[in-house]
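Residue numbers (my numbering): 22 to 592.
Here it is in structure tokens:
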């Protein structure tokens, strides 16, 4: 056996013993960017021109774009966990935004682009309002102000509805007292007998008339009246128009725990074990019949195309079909609970979330444990998955984790499982079936979807403010290489052997090189060029090496002799 070499570099697969790893796989892979087989460092986070600072924890950070140009405008944020649904309606002149507030119970709220101000990349909401519209509490008043002489007479009654600033209409009021035997050429005076809810931004009220006076007969549109005008004169000779459309347009249920956009202008939310839907293209209107009950407690939702993924404390579900009026429900045949709402993310048509056993992946007809071949359950638990937050980054899954709250025995468990990891950081999962770990950490992450750049909120201990930094910026965007560390598999010799020479081919030097013999560190060397260098004397059966530094590495090898380094040792 002449020696060992790594010419292609992959990430870590902690589930496997270091001796069983692929020749190019790592035991430990920290702050590396593995592109096209090369071993490169990631770049240190930077405070860029978009940076801002706030005095409270920015728990929700969402990119916001100018509605007229589509250009990035700033970061929409809140100091609590919420879901921003930005411009869910087509051709919306108001450019509305919906989100759940942090009241108890939570309420669905609305704002628009005119209420959002941008200062140094920070998008702040000046005013927001309740998205639903209340039922007028009292019936309107109705009197005959001018009695006609027509022989034809009818019974007449009225209801009213409220209209908000954005043109959304609420459910009708109780029915006014019926006016009996009114000549058809009479005029009736309709009075607004209600004070609108200020937080709903009501600007108008509508009058609907029934010509029979029965509460079961359709009420038809008569007029729209400005909210400052408290009466309306209704000539019965005027022909009414369409039937009141908003009979079942109730406000969203209070206490919703999360909302997602389900396409076609439909918002979807949940609380307890029930999923609720808004009317199509009417996010303020949530008919009471538009619900689906699940036989488990719901943890979170995700939406892709025409599917709603319902993640619960047991099996996941998929809701599809004709949303929102005729949904179909499929219970997936896997008992993988979701243990963390913040872990739910969609990439393409696939939903990912944290389960007790690892990271689950659900697509159309496809359910799998993404980390099944990468991490054991015990190793996954060392990342404290209830704290994780998932994000999409360059077609990979980026997972923020914080294991500082684990029991003190976690460190010894980690050593027993041969898993080296920072106490807090980010996991990056590659489709090839391996992971890398990054030391930069923040659970408060925002993704610029137009550029796929990641930004994190970091506490500045000097100012005690949270500042926005770009994570792993490219070199052209000001990134500077940071220290990385990559430790090879444990190579097994057929018998105790002595390897005497090594070399490291790098883009720039110096590069740090460590050699381990039978698990013990035997050499630490700063390598300054691609020339061969001598290894310490001694025999061992198990060999591994570690390279670290700030510069790209193309190849590393060690062999029985300098001459052997010229051979192909990667087989």
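Yeah, the Cβ is synthetic: ideal placement off N, Cα and C, and Gly gets one too.
Exposed or buried, residue i, counting other C-beta atoms within 10 Å across all chains shown (16 or more means buried)?
i, result
"residue 87", "exposed"
"residue 221", "buried"
"residue 555", "exposed"
"residue 90", "exposed"
"residue 263", "exposed"
"residue 584", "exposed"
"residue 133", "buried"
"residue 442", "buried"
"residue 476", "buried"
"residue 272", "buried"
"residue 323", "buried"
"residue 519", "exposed"
"residue 185", "buried"
"residue 363", "buried"
"residue 260", "exposed"
"residue 78", "exposed"
"residue 328", "buried"
"residue 41", "exposed"
For residue i, collect the residues of the same chain with a Cβ closer than 8 Å to its Cβ; drop the 5 residues on either side in sequence, then sort them by chain order.
i, result
"residue 108", "88, 116, 117, 118"
"residue 130", "119, 120, 121, 122, 149, 150, 151, 152"
"residue 391", "373, 379, 380, 381, 382, 418, 450"
"residue 438", "35, 397, 399, 400, 403"
"residue 581", "22, 23, 24, 518, 519, 520, 521, 522"
"residue 353", "336, 337, 338, 339, 383, 388"
What's the gap between the Cα of residue i and the Cα of residue j?
i, j, result
"residue 383", "residue 413", "15 Å"
"residue 191", "residue 269", "8 Å"
"residue 457", "residue 189", "49 Å"
"residue 504", "residue 52", "7 Å"
"residue 312", "residue 568", "56 Å"
"residue 559", "residue 454", "36 Å"
"residue 253", "residue 246", "7 Å"
"residue 209", "residue 256", "6 Å"
"residue 361", "residue 231", "52 Å"
"residue 326", "residue 541", "53 Å"
"residue 661", "residue 314", "Outside the shown range of the chain, which is 22 to 592, sits residue 661, and nothing can be said about it."
"residue 358", "residue 244", "52 Å"
Check whether the Cβ of residue i sits closer than 7 Å to any heavy atom of the ligand ADP, and report yes or no.
i, result
"residue 126", "In the structure shown, the ligand ADP is absent, as is every other ligand, since no ligand is present at all."
With a threshold of 6 Å on Cβ separation, who are the neighbours of residue i within its own chain once the five nearest residues in sequence on each side are excluded?
i, result
"residue 126", "275, 276"
"residue 528", "572, 573"
"residue 29", "45, 58"
"residue 7", "Lying outside 22 to 592, the shown extent of the chain, residue 7 is not represented and no answer is given."
"residue 500", "64, 494"
"residue 506", "51, 569"
"residue 83", "97, 105"
"residue 316", "none"
For residue i, I'd like the list of residues in its chain whose CB is within less than 7 Å of its CB, leaving aside the five on either flank, ordered along the chain.
i, result
"residue 592", "At residue 592, the pLDDT of 47 sits below 50, so the modelled position is not reliable; the number obtained from the coordinates is stated separately. So no residue of the chain qualifies."
"residue 440", "35, 400, 403"
"residue 445", "422, 423, 424, 425, 462"
"residue 93", "84, 86, 469, 471"
With 8 Å as the threshold, decide whether the Cβ of residue i is near any Cβ in chain D.
i, result
"residue 361", "In the structure shown, chain D does not exist; there is a single protein chain."
Count the CB pairs spanning the region 211–219 and the region 165–176 that are closer than 8 Å, and state whether there are at least three. no
Segments of 3+ residues assigned as beta strand (DSSP E) that fall wholly inside the region 294–334: 295–298, 312–314, 319–325, 328–333
Which full runs of the beta strand (DSSP E) of 3+ residues lie inside the region 399–484, going along the chain? 410–414, 417–423, 445–451, 455–459, 466–469, 474–481
Tell me, please, whether the region 50–64 touches the region 513–526 by the rule of three or more beta-carbon pairs shorter than 8 Å. no
Can you confirm whether the region 179–187 touches the region 324–335 when touching is taken to mean that 3 or more C-beta pairs between the two stretches lie within less than 8 Å? no
Okay, do the region 480–488 and the region 544–551 touch, 3+ Cβ pairs below 8 Å being the bar? no
Using a Cβ distance threshold of 8 Å, determine whether the region 92–110 contacts the region 279–287, with at least three qualifying pairs required. yes
Every unbroken beta strand (DSSP E) within the region 547–580, with a cutoff of 3 residues, ordered by chain: 561–570, 574–580
Take every Cβ of the region 226–234, pair it with every Cβ of the region 295–313, and state whether three or more of those distances are shorter than 8 Å. no
My parser needs the beta strand (DSSP E) runs of 3 or more residues fully inside the region 365–403; what are they? 366–368, 371–376, 379–384, 387–390
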